[in-house]
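Residue numbers (the numbering used here): 6 to 159. Don't be surprised by glycine CBs; every beta carbon is placed ideally from N, CA and C. Okay, so here's the structure we're looking at.
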Amino acid sequence: MTCLVIEALSSVHGGGVTYINELLRHYKKKNNERVIVIVSDDVASTLNGVSDIDVVSVSGFYKSLFGRVIWLAIVFPKVLRRVKAEVVYCPSGILSIRRSSPIRTVVACQNMLPLVDSERARYPLGYMRTRLWLLKELHLRSYSRADKVIFISE
6 MTCLVIEALS SVHGGGVTYI NELLRHYKKK NNERVIVIVS DDVASTLNGV SDIDVVSVSG
66 FYKSLFGRVI WLAIVFPKVL RRVKAEVVYC PSGILSIRRS SPIRTVVACQ NMLPLVDSER
126 ARYPLGYMRT RLWLLKELHL RSYSRADKVI FISE
């Protein structure tokens, strides 16, 4: 049985939640395939109509960046071992597991704003420009470490 885990903890509102809902709504179960989606407890309540998918709701940890990082570093690897995950999909574009893991990894490239220098430069020095620079570094590192990268447009 193939086990795919979708780590969607960073999808907490807006387009991220819509993306997860639409992705799962269009999912068609294949033989010998198990899909587990890991989401915040707030998002889990929006996944009512999803069938053939196991939803794991994480409460508390996702609300702060520090808590999410700790959960992903300590708890997530244990969850992956317990469910015998073979593939982890990170739609946020940031790889959430160590590359030394035997699990195949897939990330999505959905946010071009951090990757375009001229767009980042439109923001004054401060929080937003620093955030976008950090996202650029995290995304590029994740794209180079992942087994597959999904681009949602040309």
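Item                                                                                              : Value
Beta-carbon separation (whole angstroms), Tyr128 vs Leu137, contact threshold 8 Å                 : 7 Å
Rounded Cβ spacing between Leu85 and Val74 (contact assumed at less than 8 Å)                     : Leu85 to Val74, Cβ: 16 Å. No contact.
Simplified DSSP assignment, three categories, for Leu52                                           : coil
Proximal residues to Ile58 (C-beta, below 7 Å), its chain only, five neighbours per side dropped  : Leu29, Tyr32, Val40 and Val42
Leu69 versus Asn26, Ile79 and Val17, residue with shortest Cα-Cα distance                         : Note that residue 69 is Ser in the sequence shown here, rather than Leu. The shortest C-alpha separation from Ser69 is found at Val17.
Contacting residues, own chain, Cβ-Cβ under 6 Å from Leu118 (five flanking each side not counted) : Glu124
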